[in-house]
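Residue numbers (our numbering), protein chains in the order written: chain H, 1 to 203; chain S, 1 to 203.
All C-beta atoms, glycine included, are put in the ideal place defined by N, C-alpha and C.
2 protein chains.
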Amino acid sequence: MFAQYGFHGVTVRQVTTAANVDVALVYYYFENKRALFDAVLLRRATIVNKERLDLLEAVDISPEDGCAIEKLVAAFVDPIYRYLATGDSGWRHYFALIAQINNAPEWGAQVMPGFFDPVAQKLIEALRKVMPGAPDDDLFWGFDFLSGALTLTLAGTGRIDRLSDGLCLSSDYASIQARLPRYIAAGFRQLYADRLAAKKGAS
Amino acid sequence: MFAQYGFHGVTVRQVTTAANVDVALVYYYFENKRALFDAVLLRRATIVNKERLDLLEAVDISPEDGCAIEKLVAAFVDPIYRYLATGDSGWRHYFALIAQINNAPEWGAQVMPGFFDPVAQKLIEALRKVMPGAPDDDLFWGFDFLSGALTLTLAGTGRIDRLSDGLCLSSDYASIQARLPRYIAAGFRQLYADRLAAKKGAS
DNA sequence: GTCTATAACTGGATAGAC
DNA sequence: GTCTATCCAGTTATAGAC
Chain H
1 MFAQYGFHGV
11 TVRQVTTAAN
21 VDVALVYYYF
31 ENKRALFDAV
41 LLRRATIVNK
51 ERLDLLEAVD
61 ISPEDGCAIE
71 KLVAAFVDPI
81 YRYLATGDSG
91 WRHYFALIAQ
101 INNAPEWGAQ
111 VMPGFFDPVA
121 QKLIEALRKV
131 MPGAPDDDLF
141 WGFDFLSGAL
151 TLTLAGTGRI
161 DRLSDGLCLS
171 SDYASIQARL
181 PRYIAAGFRQ
191 LYADRLAAKK
201 GAS
Chain S
1 MFAQYGFHGV
11 TVRQVTTAAN
21 VDVALVYYYF
31 ENKRALFDAV
41 LLRRATIVNK
51 ERLDLLEAVD
61 ISPEDGCAIE
71 KLVAAFVDPI
81 YRYLATGDSG
91 WRHYFALIAQ
101 INNAPEWGAQ
111 VMPGFFDPVA
121 QKLIEALRKV
131 MPGAPDDDLF
141 WGFDFLSGAL
151 TLTLAGTGRI
161 DRLSDGLCLS
171 SDYASIQARL
181 PRYIAAGFRQ
191 LYADRLAAKK
201 GAS
């Protein structure tokens, strides 16, 4: 429900009614509405981000591998789409909530950092090794573009369904997985190549 | 205020207090809170999207131009960053609101279509000409990634500021403009090249 | 057109019985 | 641990004076 209407768009009463429990129980188990919300965010974040960190750690980085960036991006996103592929609506709504939070000033600044920044840092660190000499600002901006592209696919707004007149479906995660890493990796490589060319031209 | 806390996170009283007008005036000039919200969305959308459409129309598309995709993406985003560069906080908040809406199921499905889909369709149409034979699903997914990357830069959550320890600033729109079109164009070209290679391999 | 006053109701949160 | 009952601040929205 938070994923659908946001924190302020859902009342504690709506939550407890849907859960078939009493309103007062929320305040027995949680300090307040906000603490309930944070608990919702935290529980699955620890699960999925542990997997993402492990997967990133396991990527074999060799500079001569032309697809190293693809592999890193895939490690960054695969656990997410794997949970989505199970069809579990809990996970689907969870990632939609993350998408919303990532793009909302009220939450993006205070909630995301604690749970999701470590995974981001890990990815950027690995990218730094794959693209030696790449300036950090290119890596951070490149990551920001990735983060935006990723989260919009998780939002499940159905916009692409309508825009493509049914040709593409927001729920077709396999199609996203087949394209996103390749698309993003090419973007990183382009920024990197442009930077190397600029350096060469200047020297 | 809607950009900061969302539709449900702001009360009509907060709006009228900030505007130094009486609460009842909202209901004199608008049907209800939602109509006020829609008016906020519509006013600037018509202004900026007219410019984006005109700019897209004016892009000179020649298939042999290696930077045609860059030019199209630039036309798609430039009017936005031009308004942001003026420093007008009204526009800054407006685009942050669009970012939030684009990633929220409650709004992404019903609000975005009317005002922003025509610009998207125009861009995709032009991309189709630049990449003859590219399958539509590649174009739509590529557009979705662009839309996500773009809107996250507009959200102004300050996440990149913290993530990069101050090296990159959400408010540094020039840095984004210098990178986003190049990054996205490379992504499109990659999908296109992969598809052509697959066709060749199959034949 | 603008303001006062208020209706009608819902929000988060709690005290206390069981 | 769970439920009943309730508080009360704050919500959208409107009727009617000016």
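Going along chain H in order, which residues have a C-beta closer than 7 Å to the C-beta of residue i?
| i | result |
| --- | --- |
| residue 100 (chain S) | 103, 104 |
| residue 4 (chain S) | 105, 106 |
| residue 128 (chain S) | Chain H residues near residue 128 (chain S): none, gap ~12 Å exceeds 7 Å. |
Interface residues of chain H around residue i at Cβ under 8 Å?
| i | result |
| --- | --- |
| residue 156 (chain S) | 105 |
| residue 190 (chain S) | 182, 183, 185, 186 |
| residue 45 (chain S) | Neighbours of residue 45 (chain S) on chain H: none; closest Cβ ~15 Å, over 8 Å. |
Between which two residues does the alpha helix (DSSP H) containing residue i stretch?
| i | result |
| --- | --- |
| residue 187 (chain H) | 173–202 |
| residue 74 (chain H) | 68–85 |
| residue 147 (chain S) | 136–155 |
| residue 49 (chain S) | 33–58 |
| residue 102 (chain S) | 89–102 |
Does any CB atom of chain S fall closer than 8 Å to the CB of residue i?
| i | result |
| --- | --- |
| residue 118 (chain H) | no |
| residue 176 (chain H) | yes |
| residue 9 (chain H) | yes |
| residue 52 (chain H) | no |
| residue 19 (chain H) | no |
Using a Cβ cut-off of 9 Å, pull out every chain H residue sitting near residue i, in sequence order please.
| i | result |
| --- | --- |
| residue 113 (chain S) | 159, 162, 163 |
Could you work out which residues of chain S lie near residue i, taking near to mean beta carbons separated by less than 7 Å?
| i | result |
| --- | --- |
| residue 149 (chain H) | 145, 148, 149 |
| residue 194 (chain H) | 182 |
Can a CB atom of chain H be found closer than 8 Å to the CB of residue i?
| i | result |
| --- | --- |
| residue 96 (chain S) | yes |
| residue 204 (chain S) | In the structure as shown, chain S starts at 1 and stops at 203, and residue 204 (chain S) therefore has no counterpart that could be examined. |
| residue 179 (chain S) | yes |
Can you pull the chain S neighbours of residue i, defined as C-beta to C-beta under 9 Å?
| i | result |
| --- | --- |
| residue 167 (chain H) | 136, 137, 140 |
| residue 153 (chain H) | 141, 144, 145, 148 |
Grouping DSSP H, G and I as helix and E and B as strand, with all else coil, what is residue i?
| i | result |
| --- | --- |
| residue 64 (chain S) | coil |
| residue 117 (chain H) | helix |
| residue 2 (chain H) | helix |
| residue 21 (chain S) | coil |
| residue 123 (chain S) | helix |
| residue 158 (chain H) | coil |
| residue 167 (chain H) | coil |
| residue 130 (chain S) | helix |
| residue 108 (chain S) | helix |
| residue 11 (chain S) | coil |
Measuring from the CB of residue i, is there a heavy atom of the ligand FAD at a distance below 7 Å?
| i | result |
| --- | --- |
| residue 90 (chain S) | For the ligand FAD, the structure offers nothing, since it holds no ligand at all. |
Strictly below 8 Å CB to CB, what residues from chain S border residue i?
| i | result |
| --- | --- |
| residue 109 (chain H) | 157, 158, 159, 162 |
Just checking, does the region 170–183 of chain H make contact with the region 51–65 of chain H on the three C-beta pairs under 8 Å criterion?
-> No, the region 170–183 of chain H does not touch the region 51–65 of chain H.
Is the region 180–197 of chain H in contact with the region 2–18 of chain S, if contact means three or more CB pairs nearer than 8 Å?
-> no
Are at least three pairs of beta-carbons, each pair with one atom in the region 63–82 of chain S and one in the region 180–189 of chain S, less than 8 Å apart?
-> yes
Do the region 124–138 of chain H and the region 114–125 of chain S make contact, defined as three or more Cβ pairs closer than 8 Å?
-> no
Is there contact here, the region 47–57 of chain S with the region 154–162 of chain S, by at least three beta-carbon pairs under 8 Å?
-> no
So does the region 98–113 of chain H actually touch the region 144–159 of chain S, counting three or more Cβ pairs closer than 8 Å?
-> yes
State whether the region 138–152 of chain H contacts the region 142–151 of chain S, with contact taken as three or more CB pairs (one from each stretch) at a distance under 8 Å.
-> Cβ pair count under 8 Å is three or more, so yes.
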